[in-house]
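In what follows, a single structure is set out as structure tokens and then discussed.
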Amino acid sequence: MKIFTSALVTETNTFSTFPTTMEAFEELGIVRGPITAAALTETGAIGGQWRRLAQHYGDELHEGLYAMAQPAGRVPAATYAQLRDELVERVRQAMPLDMALLFLHGAMAAEGVDDCEGDLLRAVREVVGVGCVIGVELDPHCHLSTAMTTHADAIVLMREYPHTDFEQRAVELFELCRAAASGATKPVMAVVDCRMVGFYPTTSEPMRGLVAALYEAERRPGVLSASLVHGFPWGDVADAGSKVLVVADGDRSLAASVAQELAQRFYRLRHALRPTLQSIDQALAALPAGAAPLIVADAGDNPGGGAPCDHTVLLAALLQRPELRSAVGMLWDPEAVELCHAAGVGARLHLRIGGKAGPVSGQPLEVEVVVRATAERHTQQTAGMSDPLGRAAWVRAGATDIVLISRRQQTLSPSAFTGLGVPLHEARVIAVKSSHHYYAEFQALSTDCHIVETGAALSMDFAHLPYRTRGRDYFPAVENPAPELA
């Protein structure tokens, strides 16, 4: 078979004032096939799985554009058009094709285009025609649109949050689409809108039970795949929200009935799934007596959701507790990093930290620090991959260790600290700029984790998000917006 693979990935926070520019894509590296497993972290690993499977089957593989950017605001119209058109042109050059496999986020929005993935799939379908099987892997924090399900033959979502199963889902998608391209199956999809907006980590109940229900559904005859669409709350687009997607083999009524069943189970847990947020004082009051540290997640300043990553309220609260050994990371502050590098290791200096990106960043902190370490190319190691963080510095202010970075990224691994020499084992509190992805690696240190409300960019007061396009017919803004699922 002749197979084309490609990726165009970013998550758009439409409330953010930071545009996702071409430079943002170039920062993570735009790869024009062939790719390597080291390229673009998740996208490279997914493309690597597709290459491995194509080689296994003796298929002819064409790798196109692979591009990824850190989440931020809308993509400028010209940037999106350039990336889309290049990807589509590479599809055209590879024709004729039996399969086209795309890794997309599902929540990418550009100036004038709310549904970039649907728009891209429409363009790819126009080139490949109806005879080519189009398969798509999406992030669960996507906006699943009618355009996506219309122009793709099969869509598979990552199941876990943190997203530890992206390679597993890539394998699932390849096998599903190859069976369809060979004529062995005929995938059809059904979607049920749960009319919910929320935040759903899968590391604990009740989401663990819902994930188990997806696996159980896939064991039923005729069901090829089942996915929960978590949705991305900070994308104000018409398709935002939580849904269920089921792919069946030629039987639309089966896909619809299983999707309805899973949606009812999801919807009936809506109250239990609402996140529990604490103030900083409440979280610190829960400081454990044992050796394990308390991990505090500043989810509101998570750059993985488009926040600036330089909010200072949590850091200020820890600095006000000079008796408490703590570690805070990672704060995006290229200016402070440059000053630390210029001063050198061991220097004591007055540093202005954070609060520089805009009103959602809080106020800059004027802090006396000692530069403990610097790095030209700092990285964090996660899921067996090296995640670049750019120039970085570790500074100590009183009893608090602070990791400063020049490339925006959420804290995913303890190596974000220890790679600079931070003695993380001494910290009683570890504060991370992340919503939940940190948990996959940090749980080895502690499972005593708390999400704190700091007033940063990503509000989890889902009932009052300032939607204009999405509308307000959803839980928790409305108590029972989908009575047919209750």
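Going by UniProt numbering, the sequence shown opens with residue 1, and the numbers climb by one from there. In this text, a Cβ means the ideal position worked out from N, Cα and C, and glycines have one as well. For clarity, every value in this text was computed on a predicted model and none was experimentally measured.
Under the assumption that residue i contacts residue j (Cβ atoms under 8 Å), give the Cβ distance between them as a whole number of angstroms.
| i | j | result |
| --- | --- | --- |
| proline 481 | arginine 265 | Their Cβ separation, rounded to whole angstroms, is 17 Å, which puts proline 481 and arginine 265 out of contact at 8 Å. |
| alanine 416 | valine 403 | 6 Å |
| leucine 389 | glycine 354 | So it is not a contact: roughly 16 Å between Cβ atoms. |
| isoleucine 134 | leucine 245 | Contact flag wrong, Cβ pair sits at about 15 Å. |
| glycine 305 | serine 435 | 6 Å |
| methionine 108 | valine 75 | 7 Å |
| tyrosine 80 | valine 113 | 6 Å |
| methionine 189 | alanine 255 | 6 Å |
| alanine 72 | threonine 20 | 4 Å |
| proline 187 | aspartate 153 | 6 Å |
| glycine 300 | alanine 456 | 3 Å |
Assuming residue i is part of the beta strand (DSSP E), what are its boundary residues?
| i | result |
| --- | --- |
| glutamate 60 | 60-68 |
| leucine 8 | 2-9 |
| glutamate 137 | 133-138 |
| leucine 273 | No beta strand (DSSP E) contains leucine 273, which DSSP labels as neither H nor E. |
| alanine 248 | 243-249 |
| leucine 224 | 223-229 |
Considering residue i, what are the terminal residues of the alpha helix (DSSP H) in which it resides?
| i | result |
| --- | --- |
| glutamate 117 | 116-128 |
| glycine 48 | 42-57 |
| leucine 424 | Neither: leucine 424 is in no alpha helix (DSSP H) and is coded neither H nor E. |
| isoleucine 30 | Counting along the chain, isoleucine 30 falls outside any alpha helix (DSSP H), and DSSP gives it neither H nor E. |
| isoleucine 280 | 280-285 |
| glutamate 218 | 207-218 |
| proline 303 | Neither: proline 303 is in no alpha helix (DSSP H) and is coded neither H nor E. |
| cysteine 340 | 334-343 |
Note down, in chain order, each residue of its chain lying with its Cβ closer than 8 Å to the Cβ of residue i, except the 5 sequence neighbours on either side.
| i | result |
| --- | --- |
| leucine 318 | Leu324, Ser326, Val328, Thr400, Val429 and Ala431 |
| valine 171 | Gln49 and Leu53 |
| tyrosine 439 | Pro162, Pro201, Thr203 and Cys449 |
| leucine 339 | Leu349 and Leu351 |
| methionine 158 | Glu137, Leu138, Asp139, Pro140, Asp165, Phe166 and Arg169 |
Ignore the nearest five residues each way along the sequence and tell me which others in residue i's own chain have a CB closer than 6 Å to its CB.
| i | result |
| --- | --- |
| methionine 95 | none |
| proline 334 | Ser406 |
| alanine 185 | It is threonine, not alanine, that sits at residue 185 in the sequence shown. These residues qualify, in order along the chain: Ala179 and Asp249. |
| histidine 341 | Thr374 |
| proline 359 | none |
| glycine 344 | none |
| arginine 470 | Asp236 and Ala240 |
| valine 367 | Leu351, Ile353 and Ala397 |
| alanine 217 | Val223, Ala226 and Val258 |
| arginine 348 | Val370 |
Does DSSP put residue i in a helix, in a strand, or in coil?
| i | result |
| --- | --- |
| methionine 108 | coil |
| alanine 256 | helix |
| valine 360 | helix |
| glutamate 23 | helix |
| arginine 84 | helix |
| histidine 151 | helix |
| arginine 321 | coil |
| glutamate 453 | coil |
| threonine 12 | strand |
| glutamate 366 | strand |
| valine 187 | Checking the sequence, you will find proline at residue 187 rather than valine. In this structure, proline 187 counts as strand in the three-state DSSP scheme. |
| valine 171 | helix |
| alanine 78 | helix |
| arginine 468 | coil |
| leucine 349 | strand |
| alanine 297 | strand |
| phenylalanine 462 | helix |
| arginine 262 | Note that residue 262 corresponds to leucine in the displayed sequence, not to arginine. Reduced to three states, the DSSP call for leucine 262 is helix. |
| leucine 157 | strand |
| residue 490 | It is not possible to answer for residue 490, since the shown part of the chain is limited to 1 through 486. |
| leucine 176 | helix |
| alanine 486 | coil |
| alanine 327 | strand |
| alanine 238 | coil |
Does the ligand GDP have even one heavy atom less than 7 Å from the beta-carbon of residue i?
| i | result |
| --- | --- |
| cysteine 340 | This structure simply doesn't include the ligand GDP, nor any ligand for that matter. |
Short of 7 Å in beta carbon distance, which residues of its chain neighbour residue i, apart from the five on each side in sequence? Order them along the chain.
| i | result |
| --- | --- |
| glycine 106 | Glu117, Leu138, Asp139, Cys142, His143 and Leu144 |
| proline 275 | Phe199, Ile451 and Met460 |
| alanine 477 | Ala463 |
| phenylalanine 103 | Ala7, Val9, Thr43, Ile46 and Glu137 |
| valine 192 | Lys243, Val244, Ala259, Gln260 and Ala263 |
| leucine 420 | Ala373, Ala375, His378, Ala392, Trp394 and Val403 |
| threonine 447 | none |
| proline 414 | Leu424, Glu441, Phe442 and Leu445 |
Whole beta strand (DSSP E) runs in the segment 369-446 with 3 or more residues, listed along the chain? 385-397, 400-405 and 429-432
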